[in-house]
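Asks: As numbered in our numbering, residues 48 to 129 make up the sequence shown, in order.
Quick reminder that beta carbons are idealized off the backbone N, C-alpha and C, glycines included.
Computed from a predicted structure; not experimentally measured.
The structure under discussion is supplied below as structure tokens; questions concerning it will follow.
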Amino acid sequence: MMTLLSTFNYIPAFIVGLVMMFLSVKVVLLPMADLITKIRDKTTDVAIYPLSVFMGIPAIAVFFVAVSFTVSMFAYMVGLVH
48 MMTLLSTFNY IPAFIVGLVM MFLSVKVVLL PMADLITKIR DKTTDVAIYP LSVFMGIPAI
108 AVFFVAVSFT VSMFAYMVGL VH
């Protein structure tokens with residue numbers, strides 16, 4: 048019974064992780080890619096590589112934080128970590 052209650056405690060956190068993944072793609076990754084595409088049309092290819100790195104790495108890091116949170120909450124929810 049306690050294991051079942053413990054599983055129920057992690058279900059909302061898992062759902063929040065899924066929402067964080069969705070929002071990180073919608074709010075961070077897609078606008079960043081759109082901005083890089085707009086800037087790419089107005090500049091040379093040599094200038095776009097540093098911009099892609101310095102804007103892309105933080106955006107991808109935000110997504111991977113959401114993914115790692117979701118995976119860890121799933122592991123707790125299924126009982127792999129208990």
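Quick one: Cα of Gly64 to Cα of Ile95, how far?
Replies: 32 Å
Asks: Please classify Thr91 as buried or exposed, where buried requires at least 16 other C-beta atoms within 10 Å of its C-beta.
Replies: Per the 10 Å Cβ criterion, exposed.
Asks: Val63 by DSSP, collapsed to three states: which one?
Replies: helix
Asks: Look at the Cβ atom of Met124, then the Cβ atom of Ala106, and state whether they are nearer than 8 Å.
Replies: No, Cβ-Cβ distance for Met124 and Ala106 is not below 8 Å.
Asks: Thinking C-beta only, is Val109 closer than 8 Å to Val75?
Replies: yes
Asks: Could you say which of Asp81, Ile86, Phe69 lies nearest to Ala113 if we only look at CA atoms?
Replies: Closest in C-alpha terms to Ala113, from the list Asp81, Ile86, Phe69, comes Phe69.
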